[in-house]
Amino acid sequence: MKKDNFAQFSGSEDYVTSEPLENAVNVSIALGRPLLIRGEAGTGKTLLAHSIARGLAKKLITWNVKSTTKAQEGLYVYDTVQRLNDSRFGDKDIGDIKQYIKLGKLGQAFIAPERVVLLIDEVDKADIEFPNDLLNELDEMSFYIPETNETISAIHRPITVITSNAEKELPDAFLRRCIFHYIEFPTPELMEEIVRVHFPDIKGNLLSEALKTFYSLRKVDDFRKKPSTSELIDWIRALIAGGIPHEDIAKQVPFIGTLLKKESDYDFFVRNFATRRY
Amino acid sequence: MFTDFFYILRQNKVPVSLVEWMTLMEALAKGHINNLDDFYFLARAILVKSESYYDQYDIAFQQYFQGVEAPEEIAEQVLDWLKDPLNRLFLSEEEQARFESMDFDELIKELEKRLKEQTEQHDGGGHWIGRGGTSPFGHSGYHPQGIRIGGRPGGRHAVQIAQERRFKNYRSDLTLDVRQIGVALTKLRQLRRTGLEDELDLEGTIKATAKNAGDLDFIWQRSRKNTVKLLLLMDVGGSMEPYAKLCSRLFSAAHSSTHFKDFQYYYFHNCIYDYLYKDVEREDAVSTVHLLHTLEPDYKLLLVGDARMGPWELTERYGAINYYERNEIPGILWLKRIADHFSHCVWLNPDDPRFWVHATVRMIGKLFPMYPLTLGGLEEAVGKLVVKK
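Going down the list, the sequences are from chains P and Y. Taking our numbering, I'd label the letters of the first sequence as residues 78 to 355. Taking our numbering, I'd label the letters of the second sequence as residues -1 to 387.
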């Protein structure tokens, strides 16, 4: 395989990546294995899949996993209740089971006529056994529907991105089949780049003051939830909208509510920082 | 290729399996590697599946690739020759062995000597400084102890990245934060069907409907809820002071975790006697006997303490460190009563397991299974708490 075939992904214009992350994405594309992304909240795990889809001009299929999600739902659902209903009121041919088979997100990604990006978001939200139930399907990229005696297999192996918040440990067998990357919290330099992507016209001193305050807040260990990238972006948006002069940012820390989301953190901040300055 | 690296990783307790190793070989065969940096990230993405092993990976990487960055001034002279990386080149076993004997000082001397002799850009080959090739100097070549010159400007050498060991804090055998503890505690669960019948039992409905000759007959069932009740007893004050922060993290994780059916916590100092306390200042007392009467044996008991005290505090009547406690029953018997009452108990000890040789620690360790208060220890302890008896 040629090199230019390999280095497919290099971020998109609204998403700044680091080199290791690009590498991990490209390896996963080249090997056709799912990419497992972990990292602190707000480091852009989910956005990565969006960025890959945009960067490579592919369709994105998102499967949001919830605590009640079952692996089966991603493959297909056999709508028995509908069929039962039709059998009572009988205006359809209930012998045709096919019409009651609804493909899930994984199934849709498999039968897509061209390669798609499949995002399985927050895989650890579901039951502990959930990833194990998908092992074979992700490995072989095919599954069997006994009701219709059909095998759905991927026309093109989807580029699979799986995000996890490490709420539950993922099973080893599942991990063995994945490419893994941990997104670190961005360094101030990278963060500057990220903010500039969102606010191309931001004034330099406003940005540097905001970043300085932001990173000093992140150093406080006593916060229950440290502010993250998405909060910083919101905060800067508020600062710009509010027309706050840059010299006031460190002194007053306006709109602190956009950065600190927990009441106890907010109280802690008011007690320890706000009062001391006046 | 690199098979030793596999074993060095395993020696460093990175759980690498053959499946992953073969994947790496597959990736290498496809030629995704241009230099050691690429290899560092590629191998990490494929072999390491949790940030808590990144540090061990860095250590193993250092052990295996003891390459060194060339000094600035020499690098600058050669940089011009080295523009784009060529494809990787791996040496055969014998060729590797030939180079392995040279150490860094020798390499530097040799490099300077060859720099003087060499007058033009050079790619491939086995002697001159250039790109590709098997000379110990240059770029993108392969030499076990080789010096890499230049390459991507500003890029850091993979071994240097490894040397930084930025992921030290993610190791799971070190201490932990609230969220990590919370995550560990979520495993403390036993699901039972309880409460109102508010969940549709599809299977049952289908069966009942079929029996009902096709007329819909809905069957409802109770939903599954966590039935774990947790009792946390924490040693405070004295020798536990250094661990106060760690213990408060454990407490806030347990407290904020909403999925327990019931969560109770009490404090004690050094050892448990007639009373436990609802507050850290140990003023609001509750009789231990009362607790044993009111709490069912199916409470999961989590004790936290360093278990280090004067032996008399544990074994003697009136041994309590607080003179006025005047305990008629020695502490060890109180602990035994507690251990006998609850079916699942563990003791978390914030001290390093190396110091668990102290007499009282060993005595208490016989009553309660003892685990270190680290992520690994906590996980083991939780495992012990949910095991069926």
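Quick reminder that beta carbons are idealized off the backbone N, C-alpha and C, glycines included.
Counterpart residues of ARG115 of chain P in DSSP-defined beta bridges = As a first step, residue 115 of chain P must be located in the first sequence, where it is residue number 38. In DSSP, ARG115 of chain P forms a bridge with P:SER241, P:TYR259.
query = When the Cα atoms are used, what is the spatial distance from ASP53 of chain Y to ASP299 of chain P?
reply = Counting from one through the second sequence, the residue named residue 53 of chain Y turns up at place 55. Counting from one through the first sequence, the residue named residue 299 of chain P turns up at place 222. Between ASP53 of chain Y and ASP299 of chain P, the C-alpha separation is close to 25 angstroms.
query = With DSSP run on the structure shown, which of helix, strand or coil describes LYS232 of chain Y?
reply = Here the question's residue 232 of chain Y lines up with position 234 in the second sequence. Per the sequence presented here, residue 232 of chain Y reads as Met, with Lys not at that position. In this structure, MET232 of chain Y counts as strand in the three-state DSSP scheme.
query = Beta carbon of ILE197 of chain P, beta carbon of TYR153 of chain P: below 7 angstroms?
reply = In the first sequence, residue 197 of chain P corresponds to position 120, counting from 1. In the first sequence, residue 153 of chain P corresponds to position 76, counting from 1. ILE197 of chain P is not a Cβ neighbour of TYR153 of chain P, given a cutoff of 7 angstroms.
task = Report yes if the C-beta distance between VAL104 of chain P and ALA43 of chain Y is below 7 angstroms; otherwise report no.
result = As a working mapping, residue 104 of chain P is identified with position 27 in the first sequence. As a working mapping, residue 43 of chain Y is identified with position 45 in the second sequence. Yes, they are a contact pair.
task = Measure the alpha-carbon distance for ARG348 of chain P versus ASP342 of chain P and round it to whole angstroms.
result = Reading the first sequence from its first residue, position 271 is the one you call residue 348 of chain P. Reading the first sequence from its first residue, position 265 is the one you call residue 342 of chain P. Pairing ARG348 of chain P with ASP342 of chain P, the inter-Cα distance amounts to about 10 angstroms.
request  = Flag ALA315 of chain P as yes if its beta-carbon sits less than 7 angstroms from any beta-carbon of chain Y, otherwise no.
outcome  = The residue labelled residue 315 of chain P in the question sits at position 238 within the first sequence. Closer than 7 angstroms to the CB of ALA315 of chain P there is not a single CB belonging to chain Y.
query = Are GLU150 of chain P and GLY181 of chain P touching if we call contact CB-CB under 7 angstroms?
reply = The residue given as residue 150 of chain P occupies position 73 in the first sequence. The residue given as residue 181 of chain P occupies position 104 in the first sequence. With a cutoff of 7 angstroms on beta-carbon distance, GLU150 of chain P and GLY181 of chain P are scored as near each other.
query = Does any CB atom of chain P fall closer than 7 angstroms to the CB of ILE31 of chain Y?
reply = Within the second sequence, residue 31 of chain Y is the residue found at index 33, counting from 1. Using beta-carbon distances, ILE31 of chain Y does not count as an interface residue toward chain P, since no partner is under 7 angstroms.
key: alpha helix (DSSP H) runs wholly inside the stretch 167 to 206 of chain P, at least 4 long, in chain order   = Inside the stretch 167 to 206 of chain P, DSSP marks whole alpha helix (DSSP H) runs of 4 or more residues at positions 182 to 188, from first to last along the chain.
ask   = So, does the CB of PHE39 of chain Y fall closer than 7 angstroms to a CB anywhere in chain P?
value = Indexing the second sequence from 1 puts residue 39 of chain Y at position 41. At least one chain P Cβ lies under 7 angstroms of PHE39 of chain Y.
message = Below 8 angstroms, how does it come out for the stretch 283 to 297 of chain Y and the stretch 365 to 383 of chain Y: are there three or more Cβ pairs, yes or no?
response = Too few Cβ pairs lie closer than 8 angstroms, so no.
key: Nearest neighbour of HIS258 of chain P, chosen from Y:GLY29, Y:ASP350, Y:TYR38 [CA to CA]   = On the first sequence, residue 258 of chain P is found 181 positions in, with the first residue counted as 1. Of Y:GLY29, Y:ASP350, Y:TYR38, the residue nearest in Cα terms is Y:TYR38.
request  = Can you check DSSP and say which residues form a bridge with CYS343 of chain Y?
outcome  = Locating residue 343 of chain Y in the second sequence gives position 345, counting from the first residue. Paired residue(s): Y:LEU299.
task = Compute every distance between the C-beta of PHE291 of chain P and the non-hydrogen atoms of the ligand HEM, then say whether any falls below 6 angstroms.
result = The model depicted lacks the ligand HEM and carries no ligand whatsoever.
request  = List the residues that DSSP assigns as beta-bridge partners of GLN219 of chain Y.
outcome  = On the second sequence, position 221 is the one that residue 219 of chain Y refers to. According to DSSP, GLN219 of chain Y shares a beta bridge with Y:GLU197.
message = Within 7 angstroms of any Cβ in chain Y, is that where the Cβ of LEU252 of chain P sits?
response = Taking the first residue of the first sequence as position 1, residue 252 of chain P is located at position 175. For LEU252 of chain P, at least one C-beta of chain Y is nearer than 7 angstroms to its own C-beta.
inquiry  = Measuring alpha carbon to alpha carbon, tell me which residue in Y:ILE217, Y:ILE179, Y:LEU186, Y:ARG187 is nearest LEU194 of chain Y.
reply    = The sequence position of residue 194 of chain Y within the second sequence is 196, counting from 1. Selected option, being the one with the closest Cα: Y:ILE217.
message = Which of the three DSSP states is assigned to THR173 of chain Y in this structure?
response = The residue labelled residue 173 of chain Y in the question sits at position 175 within the second sequence. Note on THR173 of chain Y: pLDDT 48, under 50, position unreliable in the model; no value is reported.
query = Got a sec, what are the start and stop residues for the beta strand (DSSP E) ASP260 of chain Y sits in?
reply = Taking the second sequence and counting its residues from 1, one reaches residue 260 of chain Y at position 262. Segment 260 to 266, the beta strand (DSSP E) holding ASP260 of chain Y.
query = Going along chain Y, which residues have a C-beta under 7 angstroms from PRO97 of chain P?
reply = The residue you call residue 97 of chain P lines up with position 20 of the first sequence. For PRO97 of chain P, the C-beta contacts it makes with chain Y under 7 angstroms involve PHE39, in order along the chain.
query = What residues from chain P crowd round ASP36 of chain Y, counting only those whose CB sits closer than 7 angstroms?
reply = As a working mapping, residue 36 of chain Y is identified with position 38 in the second sequence. Near ASP36 of chain Y (Cβ distances below 7 angstroms), the residues of chain P are ASN100.
task = Under 7 angstroms between beta-carbons, which chain Y residues line up against SER164 of chain P? List them in chain order, please.
result = Within the first sequence, residue 164 of chain P is the residue found at index 87, counting from 1. Those are GLY212, listed as they occur along chain Y.
key: Where the beta strand (DSSP E) through SER230 of chain P begins and ends   = Taking the first sequence and counting its residues from 1, the one referred to as residue 230 of chain P is at position 153. 227 to 230 is the extent of the beta strand (DSSP E) around SER230 of chain P.
request  = Determine which residues share a DSSP beta bridge with TYR155 of chain P and list them.
outcome  = Indexing the first sequence from 1 puts residue 155 of chain P at position 78. In the DSSP output, where bridge partners are listed per residue, TYR155 of chain P has P:ILE178.
message = Counting only beta-carbon separations shorter than 7 angstroms, does VAL104 of chain P have a partner in chain Y?
response = Counting from 1 along the first sequence, the entry for residue 104 of chain P is found at position 27. Taking 7 angstroms as the threshold, the shortest C-beta distance from VAL104 of chain P to chain Y falls below it.
inquiry  = Would VAL194 of chain P and ILE129 of chain P qualify as a contact pair, given that the criterion is a beta-carbon distance under 7 angstroms?
reply    = Numbered from its first residue, the first sequence carries residue 194 of chain P at position 117. Numbered from its first residue, the first sequence carries residue 129 of chain P at position 52. For the 7 angstroms CB-CB criterion, VAL194 of chain P and ILE129 of chain P form a contact.
request  = In angstroms with no decimal places, state the Cα-to-Cα distance between GLU18 of chain Y and ILE256 of chain P.
outcome  = Reading the second sequence from its first residue, position 20 is the one you call residue 18 of chain Y. Reading the first sequence from its first residue, position 179 is the one you call residue 256 of chain P. Their Cα atoms are separated by approximately 9 angstroms.
request  = Report the residue from P:THR237, P:LEU108, P:ALA134 whose alpha carbon sits nearest the alpha carbon of LEU22 of chain Y.
outcome  = Here residue 22 of chain Y is taken as the residue at index 24 of the second sequence, counted from 1. Ranking the options by Cα distance to LEU22 of chain Y, first place goes to P:LEU108.
inquiry  = Give me the subset of the stretch 39 to 56 of chain Y whose CB atoms are less than 9 angstroms from a CB atom of chain P, sorted by chain position.
reply    = Close to chain P, meaning a Cβ-Cβ distance shorter than 9 angstroms, are the following residues of the stretch 39 to 56 of chain Y: PHE39, LEU40, ARG42, ALA43, ILE44, LEU45, VAL46, LYS47, SER48, GLU49, TYR52.
ask   = For the putative contact between TYR401 of chain Y and LEU230 of chain Y, defined by C-beta atoms under 8 angstroms, what is the C-beta separation to the nearest angstrom?
value = In the structure as shown, chain Y starts at -1 and stops at 387, and residue 401 of chain Y therefore has no counterpart that could be examined.
key: Limits of the alpha helix (DSSP H) - the one that PHE59 of chain Y falls within   = Here residue 59 of chain Y refers to the residue found at position 61 when the second sequence is read from its first residue. According to the DSSP assignment, PHE59 of chain Y belongs to the alpha helix (DSSP H) that extends over 52 to 62.
inquiry  = Against chain P, does VAL234 of chain Y count as a neighbour if the rule is that its beta carbon must be under 7 angstroms from one of theirs?
reply    = The sequence position of residue 234 of chain Y within the second sequence is 236, counting from 1. Residue-level contact check: VAL234 of chain Y does not touch chain P, since none of the beta carbons of chain P fall below 7 angstroms from its beta carbon.
task = Return the bridge partner residues of TYR73 of chain P from the DSSP annotation.
result = Outside the shown range of chain P (78 to 355) lies residue 73 of chain P, about which nothing can therefore be said.
ask   = Under a three-way DSSP split, which group does GLN139 of chain P fall into?
value = Here the question's residue 139 of chain P lines up with position 62 in the first sequence. One detail in the question is off: residue 139 of chain P reads as Thr in this sequence, not Gln. DSSP places THR139 of chain P in strand when its eight states are reduced to three.
query = Can THR228 of chain P and ILE178 of chain P be called in contact, C-beta distance under 7 angstroms?
reply = In the first sequence, residue 228 of chain P corresponds to position 151, counting from 1. In the first sequence, residue 178 of chain P corresponds to position 101, counting from 1. No, they are not a contact pair.
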